[in-house]
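Structure record follows, encoded as structure tokens.
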């Protein structure tokens, strides 16, 4: 499914969180959406998932305006939020069942898929425990499962690797490629740039609510004469000299001794 | 059948019925089932699991407290030989006010829950379905509270000479309708506020509503003895025109009709009760529910951004001085500063704490209006508002403060106290006591002295106010024995607040002895300083003991998770 965003803006009083951005994501594409803290990434994702109403601009999903038919769009998207997002008094299995039922999936399918997701993520022994007893990584696995259980056409990942162990990260990266191969559109927000570089072909970099770069990673490296996405990002977002900053930081920590 | 296996057929059936109003029946059923399971699941349901069943326990305790209070109320009404109409009007009025207070105080979290929004907003759930689930969840709480408030009166009412055999059934059925009415009114109030104000303002307005309702409830306690004498023999047709606009009178009339006591005014008021329900519920679903998700979303998400812009320059230097002057010990000063800032800035906490002042305001008004009961207890006056005021004000302040202390919507920050190398956790409790003293007790003491100095010699006003303060301190020290956590480190739990407030109402009865004590002071003036010294000593000893108990509990807290 295709995403078309035009002049998308979100204001809070005088503060502009997202400032008139426009882009398109093709079906089956994995788009990396990057930016420094407070750049407007999560606000963009919240608007694209129908959680937040834009101040201006339009969002079309497969040609349909999101604001005109939010339920149709929500039925077709999956979302892994950056924080929160679980009822911790439920067990892992119960939470996935609840989500499946909200999407009107058949009971047999929900049960099978929920158990299988838990098994694939190594949570089969914990599926009947309350989510409040899960570790951060385990909760993240449940969140990812809940975003995929209804077989969405578009998946929004906002820092999906948060708390996952190394093995789970490796599996997850392959899962993303597999989902894209199935024709699903992947919108991937992250600060872990080497993962983005390995998973995505194209990235959008946003800073102070505006798009400052949009294109294939290879093109961005070439035009900025940088060797890695991390260096591209540092150059485009005017990040301070890292080693100088680290020295100042260390001196501050040691102060008073 | 266990409660957590809440009748699935019932929610399915209601879902089907609501589907004609655009509610998704399946989503309604599953979301409501999940909400109820989360709230009422027992610890034993999942062996070896971490987690809590606080809402269930809190509701159970509240139910017991409410049952005791409603028993006392209904038995005293029965002893006063009132008629069935008067009996049901007063008991319904009491039950409806208590339900509204409870819902406003905390079950509002059921209707407006930022957590729910963040979990469900991106799912394909319509505003109407979401709203219907929230209202139904609220209704379950309301009906449970309603049942605890009206069960005993239903049985006591059965003993009236003119009560037919069906009295308890009719009474409980009408009480349930009154509960639905209260829940619908509160949901409508929330819905209307949602459409008109932002989240911060919304919380402020709810706080004002709480204060207003605290006033109404407490006013009821004051008016009740005066009212019973005047309305003892009232039947429906004797209802003063002013009382006919009060919902408890409508439902009491409906009860009379159900009992077979017909009258023209009764039929009219019953029709109003039924009509209000018939209009209110569909009206809610039609108007409020349509933009419900959008409104909550805007509120929840905008609040995050707005909060960052807040500036708290006002009074900064005074509070900084106060914080530094509070203690030389850094741990104690840290906790004092933290408490002070939270109590000044966190709206959720203020929302829970402000209503205590509602009671003080009512008492103050009574103090001003009720001149004949303003006899100076230290100079021959009768037992009246003069002895009640200081006791009640400090009692409610202490109980209210202890009730809000463990909970906050910022509970996740509590880890910093557990990871910090705290040498003497008892210092935390000392800081808590100092904060209560400065935030609540000092203003209340001054308010007391100012009020009573209008009626009594200033020395008597000071003495009685100090007497109340000392009892409040002793009460607070007792209440703190139940406090075993870092302040504001627990997620707000449904029911916990109501449980505390219900306990405070119950304690008022036990406080009769302290109210009567000043009568002894006038014949033996030396008893006053002796009593004051005893109270102070009691408060100090209790304080020393609870400091030790608290320190022990906090030291063990770090290992509790294991």
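Chains as they are written, first to last, in the numbering used here: chain A, 326 to 582; chain B, 17 to 578.
Glycine included, every Cβ here is placed at the ideal spot set by N, Cα and C.
- Residue 555 of chain B sits close to residue 490 of chain B, with the two beta carbons spaced by under 8 Å.
- Within chain B, the residues placing a beta-carbon under 7 Å from that of residue 399 of chain A are 138, 139, 140, ordered along the chain.
- The beta carbon of residue 466 of chain B sits no closer than 8 Å to any beta carbon of chain A.
- Contact between the segment 444–453 of chain B and the segment 347–358 of chain B is present: three or more C-beta pairs spanning the two stretches fall below 8 Å.
- Inter-residue distance for residue 353 of chain A and residue 361 of chain B is about 47 Å (C-alpha atoms, whole angstroms).
- The CB of residue 375 of chain A comes closer than 8 Å to the CB of 137, 138 in chain B, given here in chain order.
- Cβ contact annotation for residue 422 of chain A (same chain, cutoff 8 Å, sequence separation greater than five): 435, 436, 439, in chain order.
- In the structure shown, residue 137 of chain B falls within a coil segment according to DSSP collapsed to helix, strand and coil.
- Here residue 514 of chain A carries a strand assignment [DSSP, helix/strand/coil].
- For residue 396 of chain A, at least one C-beta of chain B is nearer than 8 Å to its own C-beta.
- Residues 145 of the same chain have their beta carbon placed closer than 6 Å to that of residue 40 of chain B, with the five preceding and five following residues left out of the count.
- Along the segment 39–54 of chain B, the positions whose C-beta sits under 8 Å from a C-beta of chain A are 42, 43, 46, 47, 50, 53, 54, read in chain order.
- Within 10 angstroms of the beta-carbon of residue 514 of chain A lie 16 or more other beta-carbons, which makes it buried.
- In the DSSP assignment, residue 350 of chain A falls within the unbroken beta strand (DSSP E) covering 340–350.
- The residue from B:155, B:171, B:46 with its alpha-carbon nearest to that of residue 136 of chain B is B:46.
- Not a single CB atom of chain A sits nearer than 8 Å to the CB of residue 76 of chain B.
- Annotation: Cβ neighbours of residue 423 of chain A in chain B (cutoff 9 Å, chain order): 46, 47, 49, 50.
- Sequence-ordered contacts of the segment 409–420 of chain A with chain B read 409, 410, 411, 412, 413, 414, 415, 416, 419, 420 [C-beta pairs closer than 9 Å].
- Listed along chain B are 138, each with a C-beta nearer than 7 Å to that of residue 404 of chain A.
- Within chain B, 42 have C-beta atoms less than 7 Å from the C-beta of residue 429 of chain A, given in sequence order.
- The beta-carbon of residue 34 of chain B is placed no less than 8 Å from the nearest beta-carbon of chain A.
- Residue environment analysis places residue 162 of chain B among the buried positions, since at least 16 neighbouring C-beta atoms fall within 10 angstroms of its C-beta.
- Cβ contact annotation for residue 554 of chain A (same chain, cutoff 6 Å, sequence separation greater than five): 518, 522, 542, in chain order.
- In this structure residue 476 of chain B is in contact with residue 394 of chain B, their Cβ atoms being roughly 5 Å apart against a cut-off of 8 Å.
- The C-beta of residue 426 of chain A comes closer than 8 Å to at least one C-beta of chain B.
- About 4 Å separates the beta carbons of residue 187 of chain B and residue 170 of chain B, which is inside the 8 Å limit, making them a contact pair.
- DSSP, reduced to helix, strand and coil, places residue 359 of chain A within a strand of the structure shown.
- Look at residue 459 of chain A here: in three-state DSSP terms it is coil, with no helix or strand label.
- Judged by DSSP secondary structure, residue 480 of chain A falls within the beta strand (DSSP E) whose first and last residues are 479–483.
- Close CB contacts of residue 538 of chain A within its chain, under the 8 Å cut and outside five residues either way in sequence, are with 528, 529, 530, 545, 557, 561 (chain order).
- DSSP places residue 385 of chain A in no alpha helix (DSSP H) but in the uninterrupted beta strand (DSSP E) bounded by 381–386.
- Within the model, the alpha-carbon separation for residue 444 of chain A versus residue 454 of chain A is close to 14 Å.
- Distance from the CA atom of residue 553 of chain B to the CA atom of residue 270 of chain B, rounded to whole angstroms, is 55 Å.
- Residue 332 of chain A carries a strand assignment under DSSP once its states are collapsed to helix, strand and coil.
- About 6 Å separates the CB atoms of residue 410 of chain B and residue 487 of chain B; that is less than 8 Å, so the two are in contact.
- Just so you know, the alpha carbons of residue 299 of chain B and residue 37 of chain B end up roughly 11 Å apart.
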